[in-house]
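Undergrad: Got a structure for you, questions after.
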Amino acid sequence: QVQLQESGPGLVKPSQTLSLTCTVSGVSITNGDYYWSWIRQHPGKGLEWIGFIYYTDTTHYNPSLKSRVSISLDASRNHFFLNLSSVTAADTAVYYCARQDGFTFYSDFWGQGTLVTVSS
Amino acid sequence: EIVLTQSPGTLSLSPGERATLSCRASQSVASSFLAWYQQKPGQAPSLLLYGTSRRAAGIPDRFSGSGSGTDFTLTISRLEPEDFAVYFCQQYGSSPLFSFGPGTKVEIK
């Protein structure tokens, strides 16, 4: 059974880098049928796609975040990662990792989400 | 940049009633790349429909989708108590590569 689980600090100081890990089980992240995404949701708001990575290390990012975001993967550990630099209070959100179908790009499996608060 | 608009913002209905949710795009979206998600409080979104009308695994047939171009619809034929939630549409293909609508909340009347 496919499962994704986010982990990382729940509190990050302004101007620092937010770093999260997504641990994937039940499927290899080197499976070429899928992309691996990060999506966030501000409190009480809608969903914002951050970016995704393919097992070849190809990445695509939301242009609104591109200058601050980096997604990478560790195939040996079946993990992928999110780094978001120079955070502000506006980056406070629930962060989800998700599996994205490689052909029609829907997200069929999601992590439970992790709340990251940016505050001093 | 493609923008998805969902209406209504909130839909107040009773169990057993029919729900019709709209998702409108500022530019044409390929039908293959339009999906719908359901989100309940405190939970991650879960996939309902993809390719406009294809139900995800385990989704009951009271959920259906239709539309093309810039106008898409999610219909719940008879609301069950567990269907009261927020519904998001999502498109793939235009900058940003993925975007979501703001959501429609279906609440108990």
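If you read the sequences in order, they're chains Z and R. Take the first sequence: its position 16, counted from the start at 1, is 31 in our numbering, and no numbers get skipped. Take the second sequence: its position 102, counted from the start at 1, is 93 in our numbering, and no numbers get skipped. Just so you know, even glycine gets a beta-carbon here, dropped at the ideal spot from N, CA and C.
1) Listing by chain order, which chain Z residues have their CB less than 7 Å from the CB of Gly94 (chain R)?
2) On the criterion of 16 or more Cβ atoms from any shown chain inside 10 Å, does Ala48 (chain R) qualify as buried, or is it exposed?
3) Tell me, please, whether the stretch 91 to 100 of chain R touches the stretch 42 to 60 of chain R by the rule of three or more beta-carbon pairs shorter than 8 Å.
4) Taking only three categories from DSSP, how would you classify Asp48 (chain Z)?
5) My output table needs one value for Phe63 (chain R): the three-state DSSP class, helix, strand or coil.
6) Anything in the stretch 14 to 43 of chain R with a Cβ closer than 8 Å to a Cβ of chain Z? List those residues in chain order, please.
7) Out of curiosity, what's the CA-to-CA distance linking Thr107 (chain Z) and Gln82 (chain R)?
8) Determine whether the Cβ of Phe54 (chain R) lies closer than 8 Å to any Cβ atom of chain Z.
9) Note down the Cα distance separating Arg69 (chain R) from Pro6 (chain R), rounded to an integer number of angstroms.
10) Hey, quick one: how far does the beta strand (DSSP E) through Ile65 (chain Z) stretch, first residue to last?
11) In chain order, what residues of the stretch 105 to 126 of chain Z put their CB closer than 9 Å to some CB of chain R?
12) Please confirm if Ala47 (chain R) has its CB atom under 8 Å from at least one CB of chain Z.
13) Quick one: Cα of Ser22 (chain R) to Cα of Gly84 (chain R), how far?
14) Which two residues bound the contiguous beta strand (DSSP E) that contains Leu88 (chain R)?
15) Can you name, in chain order, every residue of its own chain whose Cβ lies under 6 Å from the Cβ of Tyr41 (chain R), other than the five neighbours on each side?
TA: Answer, in terms of the structure:
1) Taking the beta carbon of Gly94 (chain R) as reference, the chain Z residues within 7 Å of it are Gly61, listed in sequence order.
2) exposed
3) Result no; under three Cβ-Cβ pairs closer than 8 Å.
4) coil
5) Strand.
6) Ser23, Phe24, Ala26, Tyr28, Gln34, Ala35, Pro36, Ser37, Leu38, Tyr41 and Gly42
7) 24 Å
8) Not one chain Z Cβ lies under 8 Å of Phe54 (chain R).
9) Our two residues, Arg69 (chain R) and Pro6 (chain R), have alpha carbons roughly 7 Å apart in a direct line.
10) Leu62 to Ile68
11) Val109, Tyr111, Ala113, Gln115, Asp116, Phe118, Thr119, Phe120, Tyr121, Ser122, Asp123, Phe124, Trp125 and Gly126
12) yes
13) In a straight line, the C-alpha of Ser22 (chain R) is about 11 Å away from that of Gly84 (chain R).
14) Here Leu88 (chain R) belongs to no beta strand (DSSP E), and DSSP marks it neither H nor E.
15) Here the set comprises Ala26.
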